[in-house]
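Participant: Once you've had a glance at the structure underneath, I'll fire off some questions.
In this note's numbering, the protein residues as written are 1101 to 1297.
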């Protein structure tokens, strides 16, 4: 089993189109073929406020044009506390949103895996995962993992950048980008990972 795991906190969106915050960080996880680029604001994800959407952008691409990449969202969330939607865009999201966006999911977040579809390996697509806390629920938590599967390789990350502890008055969101693909090798190597403030 080959996997690239990058644990990342999601980026913030305050009741409108996503606008990169001064603290926004771009993190790239590069496997042998598949590549994930995540846009996040670590500080903004330490707490969530009821009715204020929070967004996380993940770009998925491959260095080889053949085949397809399957995209899924793994969810572990406090029951009844969150709702979300996932949209896809052929280009990186901007302050104006995306003119050609496609809605892939919209509804309450419940434990499980959501299959979001596939993309051609020759294409780059950007996925915006937007989550909203819908009710006062101290200690509420939503753990999200975006999974892209295809083009086998063996790479893994320990996810040390993700704050797993801490407190927030109205719940908080943990997001991770997981690039997973099947292959036969047993060795696990560290991925190439770059962060830019």
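Using N, Cα and C, we set each Cβ at its ideal position, and we do this for glycine too.
Does residue 1180 pass the burial test, meaning 16 or more other C-beta atoms within 10 Å, or should it be called exposed?
Facilitator: Classification of residue 1180: exposed, given that the 10 Å Cβ count is below 16.
Participant: Under the rule that 16 or more other beta-carbon atoms within 10 Å means buried, what is residue 1155, buried or exposed?
Facilitator: Label assigned to residue 1155: buried.
Participant: List the whole-angstrom C-beta distance separating residue 1214 from residue 1173, where the pair is believed to meet the contact cut-off of C-beta under 8 angstroms.
Facilitator: About 4 angstroms; that satisfies the 8 angstroms criterion.
Participant: Please identify the residue among 1225, 1148, 1228 whose C-alpha is closest to the C-alpha of residue 1235.
Facilitator: Taking only the C-alpha atoms, the option nearest residue 1235 is 1148.
Participant: Give me the residue from 1132, 1131, 1127 with the minimum Cα distance to residue 1138.
Facilitator: Closest by alpha carbon: 1127.
Participant: To the nearest angstrom, report how far apart residue 1185 and residue 1169 are at their CA atoms.
Facilitator: Roughly 20 angstroms separates the two Cα atoms.
Participant: Note the first and the last residue of the continuous beta strand (DSSP E) segment covering residue 1203.
Facilitator: 1202–1208 is the extent of the beta strand (DSSP E) around residue 1203.
Participant: State whether the segment 1196–1215 contacts the segment 1156–1166, with contact taken as three or more CB pairs (one from each stretch) at a distance under 8 angstroms.
Facilitator: They do not touch, by the three-pair rule.
Participant: The beta strand (DSSP E) that contains residue 1242, what's its start and end?
Facilitator: Per DSSP, residue 1242 belongs to the beta strand (DSSP E) from 1241–1249.
Participant: Considering only the alpha carbon of each residue, which of 1224, 1228, 1222 lies closest to residue 1195?
Facilitator: That would be 1228, whose Cα lies nearest to the Cα of residue 1195.
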